[in-house]
Amino acid sequence: MTARVVGSLFITATAAGVVSAATQGTTRGLCVFLMALAIAFIAPTLFPVLKQHGEGAAMGYVVARTLEVVFLMTAIAPIAHVRTDELWGHASAVYFCVSVVLLNSLLFRSRLVPRWISVWALIAVVPYAIGAVLVLLNATEQTQVGALFVPLAINEMVLAVWLLAKGFSATPNAHMGEQRESSRLATD
C-alpha cells in the first residue's frame, strides 16, 4: 500500500511540475503548490520503510525533501511578482538533488526496487544538478538546460510506475532475518 501511495505522489508531483513550467500566474502558483503538497507527503510516507535500511539517511531524505518544499512554498508566495519566485524555485532543485541521492542510495542498498532504477537515478542526478546550479547562478536559462533534467524525470516516472505496479521488493536482509528466526524457533 505504501509503495502505491508513494508512486501516486511521485506522479502527481511530476505532472504538476511539468504543467507549472508551461504556465504562468495563478495557474503556475497552483501547480507549484500541488507539486509541493505531493512532495511534502512523499518523505514521511517513505520514512518508516527507509529507516529500516538506514535511519540517518532516511532522516536526511526527510530533511532534504522538507527543505525542498519550504523553497517551493516560498517561491509561490510572491507569485504576483514577475521573477521573484524563480530563484527560490531553482534553489529547491538543489535540495531535490540531495534527496535523490539519499533516497536512491537507500533503495540501492536495501534492494526495495531493482538496483538498475537506483543506479539510473544516481547517474541522472549529476546532469540535473549541473543544470540546476547553472540556472541558480544565472549562468544560463532553464530552457537551455532542460534536456539535462529529462533522464531524472523519466527515472522518477519509472520508479513511480514500478511502485504502483510491483510495490517494494522483499529485501534479502528481511528474508535473512526471517530465516534466522525460523531456524531459532525450529531448534527451540
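Note that my numbering has the sequence shown beginning at 6, numbered continuously upward.
Note that CB positions come from ideal geometry on N, CA and C, so glycine has one too.
Other residues of its chain near residue i: CB distance less than 7 Å, five sequence neighbours each side excluded
i: Leu-153; result: Pro-132, Tyr-133, Ile-135, Gly-136
As assigned by DSSP and simplified to three states, the class of residue i
i: Val-138; result: helix
i: Thr-31; result: helix
i: Pro-119; result: coil
i: Thr-145; result: coil
i: Ala-26; result: helix
i: Ala-20; result: helix
i: Met-6; result: coil
i: Ala-129; result: helix
i: Ala-98; result: helix
Whole-angstrom distance between residue j and residue i, CA atom to CA atom
i: Leu-14; j: Ala-126; result: 17 Å
i: Ala-165; j: Thr-148; result: 25 Å
i: Ala-85; j: Val-140; result: Low confidence applies to Ala-85: its pLDDT is 42, below 50, so where it sits in the model is not reliable enough to give any reading.
i: Ile-81; j: Arg-120; result: 36 Å
i: Leu-55; j: Leu-169; result: 17 Å
i: Leu-39; j: Gly-12; result: 15 Å
i: Ala-27; j: Leu-111; result: 33 Å
Residues near residue i in its chain [Cβ-Cβ closer than 8 Å; skip 5 each side]
i: Val-87; result: At Val-87, the pLDDT of 44 sits below 50, so the modelled position is not reliable and the matter cannot be decided from this model.
Same chain, Cβ closer than 6 Å to residue i, five either side skipped, listed in chain order
i: Val-10; result: Thr-50
i: Phe-46; result: Leu-14
i: Val-103; result: Ala-69
i: Leu-72; result: Tyr-100
i: Ala-8; result: Leu-168, Gly-172, Phe-173
Inter-residue CB distance, residue i and residue j (contact presumed, cutoff 8 Å)
i: Ser-97; j: Phe-113; result: Not really, about 24 Å apart at Cβ, beyond 8 Å.
Which runs of the alpha helix (DSSP H), 4 residues or longer, sit entirely within the segment 148-173? Considered as a whole, the segment 148-173 harbours no complete run of any alpha helix (DSSP H) with no fewer than 4 residues.
For the segment 46-86, list the alpha helix (DSSP H) runs that are entirely contained and at least 4 residues long, ordered along the chain. Fully enclosed alpha helix (DSSP H) runs of 4 or longer: 60-81.
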